[in-house]
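Protein chains in written order, with our numbering: chain A, 57 to 228; chain B, 466 to 830. Idealized CB from N, CA, C, for every residue including glycine. Since this is a predicted model, take the numbers as computed values, not measurements. Read through the structure below, which is laid out as structure tokens, and then see the notes.
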């Protein structure tokens, strides 16, 4: 069976854990040390889902902040994306809302899964359901994750693949 | 000279863009190319580059412009490609015309990546630290404000109840002790007010300056009216010699607070039977207002720190915040405050405030 390539992106503010999520998903690894992403980091993982052999090409985009912007060109061709926020910093949800709008303008209504990361620090969370309401309504699904413990990480990517497949793209 | 080997030695690979969209390698394979990427080449060393280096897909539009145009090199952003086993390579692509050929050079650029990452990392860490500190400061400020504000409420009841108690028939010395309690509660209330004043002044951002200016003479009249009962009690006369209408840059409520602070100081030190005078002098773009008393003047050892936080005169009492509040408030309005001993004895505290003329605040320089 031919392996189907699917491009997905990880998008969010700086330091929300995009690289850690990708690293956990692709290599089952987590590092406590924080190294900021420059530009984009591309990883791949092969999996079988929805009865198909898939190759996820994961574009881990650098965080959006005053020092770097998400490049719209990097979103081209993406079948879906994880929109990542940090549960301990409410401001990252505002950034997520801005990015969701920008993705929609750049590539149209591509499905996304809203990921609220750092669930292992739930005691310090600043985010509640009311804060995520608008983004949740537009998302295919919402999930709390912890890249540190691995909780919810595979599920997040699986949900995204399901969202992409559910859209019945012609190439799948 | 083996240019092909030289290119590979610096971690670069040169490819030619073919008419069918594939790329053909024209130089030796650098180390990072060896392995899965090289394995994707066919017998003619050509491959669909996007299969092994997905980033090329986003760079291709820019590359095609470079190949179609003057041929001046176009560079991509640096990107990171994960290879098997968890290692990463940092690459950058350059598209250019070389003769009639459309060339793509991909370089492993770890040095530039590391430099850029170091700078960005440091900048972001500083931003994180700054944001965390600001959140912490905000939490503490709110807590302080809440606590201090809540301390005031019972004091109103205490002062009120004690004042009523004074009016009742009391046993011997009862009136005296009731007065002592009223005075203590009143001082406590003043202290809490000073702390809140300073807190609000340090925040600075909730104030709305009067765009038309504040009438200094009116503010003085109101401040004197507030302090008249205390002045009468101490047998000190409050005299304003400000008869002209000076419009100054200020917020009226806080200006009255500044003036009452200065009056409180003067009343505290002015001997009974002497006046406290307020005298204003117009300067080119400012008004200088002096609050003068006939007291002993400020002790010389206190002078260097007089307008700093928590500076108390040995004989004065008080919170040590009043003059600090005056200073930061006036400075926020572009003004200043100072002290000078009077030649005839006593103290003269002056404040300088920017004037508003024709609805426009003047600058001091």
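Legend entry - residue 514 of chain B versus residue 141 of chain A: straight-line alpha-carbon distance, rounded: The residue labelled residue 514 of chain B in the question sits at position 49 within the second chain. The residue labelled residue 141 of chain A in the question sits at position 85 within the first chain. Straight through space, the alpha carbons of residue 141 of chain A and residue 514 of chain B are spaced by roughly 33 Å.
Legend entry - Pairwise C-alpha distance: residue 736 of chain B and residue 649 of chain B: Here residue 649 of chain B is taken as the residue at index 184 of the second chain, counted from 1. Here residue 736 of chain B is taken as the residue at index 271 of the second chain, counted from 1. C-alpha separation (whole angstroms): 22 Å.
Inset, instruction - Enumerate in chain order the residues of its own chain whose CB-to-CB distance from residue 670 of chain B is below 8 Å, with the five nearest sequence positions on each side excluded. - result: Numbered from its first residue, the second chain carries residue 670 of chain B at position 205. Here the model assigns residue 670 of chain B a pLDDT of 48, short of 50, so the residue's position is not dependable and the matter cannot be decided.
Inset, instruction - State the CB to CB distance for the pair residue 657 of chain B and residue 613 of chain B, rounded to an integer number of angstroms; the pair is presumed to be in contact (CB under 8 Å). - result: Your numbering for residue 657 of chain B matches position 192 in the second chain. Your numbering for residue 613 of chain B matches position 148 in the second chain. Going by Cβ atoms, the distance from residue 657 of chain B to residue 613 of chain B rounds to 6 Å, so yes, they are a contact pair.
Inset, instruction - Going by DSSP, name the residue or residues bridged to residue 489 of chain B. - result: Within the second chain, residue 489 of chain B is the residue found at index 24, counting from 1. B:481 and B:511.
Inset, instruction - Return the CA-CA distance between residue 215 of chain A and residue 198 of chain A, expressed in angstroms with no decimal places. - result: Locating residue 215 of chain A in the first chain gives position 159, where the first residue counts as 1. Locating residue 198 of chain A in the first chain gives position 142, where the first residue counts as 1. Whole-angstrom Cα-Cα distance: 9 Å.
Inset, instruction - Taking the CB atoms as reference points, tell me whether residue 664 of chain B and residue 716 of chain B lie closer together than 9 Å. - result: Indexing the second chain from 1 puts residue 664 of chain B at position 199. Indexing the second chain from 1 puts residue 716 of chain B at position 251. Residue 664 of chain B places its beta carbon 9 Å or farther from that of residue 716 of chain B.
Legend entry - Of the listed residues B:690, B:739 and B:574, nearest to residue 700 of chain B (C-alpha basis): Looking up residue 700 of chain B in the second chain gives position 235. For the residues B:690, B:739 and B:574, the minimum Cα distance to residue 700 of chain B belongs to B:739.
Inset, instruction - Hey, could you find the ends of the beta strand (DSSP E) residue 111 of chain A is sitting in? - result: Numbered from 1 along the first chain, position 55 holds the residue referred to as residue 111 of chain A. Start and end: 108–117.
Legend entry - Neighbour list for residue 585 of chain B in chain A, Cβ cutoff strictly below 8 Å: Position 120 of the second chain, counted from the first residue, corresponds to residue 585 of chain B. Those are 92, 94, 123 and 124, listed as they occur along chain A.
Legend entry - Cβ neighbours of residue 485 of chain B in the same chain (closer than 8 Å, five flanking residues each side left out): By 1-based counting over the second chain, the position of residue 485 of chain B is 20. Only residues of its own chain outside the window of five on either side were considered, and among them none has a CB closer than 8 Å to the CB of residue 485 of chain B.
Inset, instruction - Return helix, strand or coil for residue 726 of chain B, following the three-state DSSP convention. - result: Your numbering for residue 726 of chain B matches position 261 in the second chain. It is helical.
Legend entry - Cut-off 6 Å between Cβ atoms - residues of its own chain near residue 502 of chain B, not counting five sequence neighbours on either side: Taking the second chain and counting its residues from 1, the one referred to as residue 502 of chain B is at position 37. Hits under 6 Å: 517.
Legend entry - Neighbourhood of residue 691 of chain B by C-beta distance below 6 Å, restricted to the same chain and skipping five residues each side: Your numbering for residue 691 of chain B matches position 226 in the second chain. Same-chain partners within the cutoff: 725.
Inset, instruction - State the CB to CB distance for the pair residue 728 of chain B and residue 741 of chain B, rounded to an integer number of angstroms; the pair is presumed to be in contact (CB under 8 Å). - result: Working through the second chain from its first residue, we reach residue 728 of chain B at position 263. Working through the second chain from its first residue, we reach residue 741 of chain B at position 276. For residue 728 of chain B against residue 741 of chain B, the beta-carbon gap comes to about 7 Å, under 8 Å, which counts as contact.
Inset, instruction - Could you check the C-alpha separation between residue 166 of chain A and residue 477 of chain B for me, to the nearest Å? - result: Position 110 of the first chain, counted from the start, is the residue given in the question as residue 166 of chain A. Position 12 of the second chain, counted from the start, is the residue given in the question as residue 477 of chain B. Rounded to whole angstroms, residue 166 of chain A and residue 477 of chain B show a C-alpha spacing of 36 Å.
Inset, instruction - Buried or exposed for residue 589 of chain B, please, with buried defined as at least 16 other CB atoms from any protein chain shown within 10 angstroms of its CB. - result: Looking up residue 589 of chain B in the second chain gives position 124. Buried is the call here.
Legend entry - Contact between the segment 804–812 of chain B and the segment 755–769 of chain B (3+ Cβ pairs under 8 Å): With a cut-off of 8 Å, the segment 755–769 of chain B and the segment 804–812 of chain B count as touching, because enough Cβ pairs lie within range.
Inset, instruction - Find out if the Cβ-Cβ distance for the pair residue 573 of chain B, residue 519 of chain B is shorter than 9 Å. - result: For the purposes of this step, residue 573 of chain B is taken as residue 108 along the second chain, with counting starting at 1. For the purposes of this step, residue 519 of chain B is taken as residue 54 along the second chain, with counting starting at 1. At the C-beta level, residue 573 of chain B and residue 519 of chain B stay beyond 9 Å of one another.
Legend entry - Where residue 816 of chain B falls: helix, strand or coil (DSSP): Your numbering for residue 816 of chain B matches position 351 in the second chain. In this structure, residue 816 of chain B counts as strand in the three-state DSSP scheme.
Legend entry - Reduced DSSP secondary structure (H/G/I, E/B, other) of residue 182 of chain A: Residue numbering aside, residue 182 of chain A sits at position 126 when the first chain is read from its first letter. If DSSP states are grouped into helix, strand and coil, residue 182 of chain A belongs with coil.
Legend entry - Counterpart residues of residue 168 of chain A in DSSP-defined beta bridges: Within the first chain, the letter at position 112 stands for residue 168 of chain A. Under the DSSP definition of a beta bridge, residue 168 of chain A partners with A:137.
Inset, instruction - Hey, could you find the ends of the beta strand (DSSP E) residue 555 of chain B is sitting in? - result: Numbered from its first residue, the second chain carries residue 555 of chain B at position 90. Looking at the DSSP string, the run of the beta strand (DSSP E) that includes residue 555 of chain B is 553–563.
Legend entry - Where residue 541 of chain B falls, given that 16 or more other Cβ within 10 Å makes a residue buried: In the second chain, counting from the first residue as 1, residue 541 of chain B sits at position 76. Per the 10 Å Cβ criterion, buried.
Legend entry - Per DSSP, the bridge partner or partners of residue 740 of chain B: Against the second chain, residue 740 of chain B aligns to sequence position 275. As computed with DSSP, residue 740 of chain B is found in a beta bridge with B:702.
Inset, instruction - Could you tell me which chain B residues have their CB closer than 7 Å to the CB of residue 130 of chain A, listed as they occur along the chain? - result: Residue 130 of chain A sits at position 74 when you count from the first residue of the first chain. For a Cβ distance threshold of 7 Å, residue set 523 of chain B lies close to residue 130 of chain A, ordered along the chain.
Legend entry - CB contact check: residue 513 of chain B to chain A, cutoff 9 Å: Start at 1 with the first residue of the second chain, and residue 513 of chain B comes out as number 48. Output row for residue 513 of chain B: interface = no.
Legend entry - Where residue 798 of chain B sits in the DSSP three-state scheme: Working through the second chain from its first residue, we reach residue 798 of chain B at position 333. It is coil, neither helix nor strand.
Inset, instruction - Taking C-beta pairs closer than 8 Å, name the residues in chain A that residue 544 of chain B reaches, listed in chain order. - result: As a first step, residue 544 of chain B is located in the second chain; it is residue number 79 there, counting from the start. 95, 96, 97 and 98, listed in chain order.
Inset, instruction - Compute the Euclidean distance between the alpha carbons of residue 827 of chain B and residue 530 of chain B, then round it to the nearest angstrom. - result: In the second chain, the residue the question calls residue 827 of chain B occupies position 362. In the second chain, the residue the question calls residue 530 of chain B occupies position 65. Confidence at residue 827 of chain B is low in this model, with a pLDDT of 47, below 50, so its placement is unreliable and no value can be given for it.
Legend entry - Min CB distance residue 588 of chain B to chain C below 9 Å: No chain C appears in this structure, whose protein chains are A and B.
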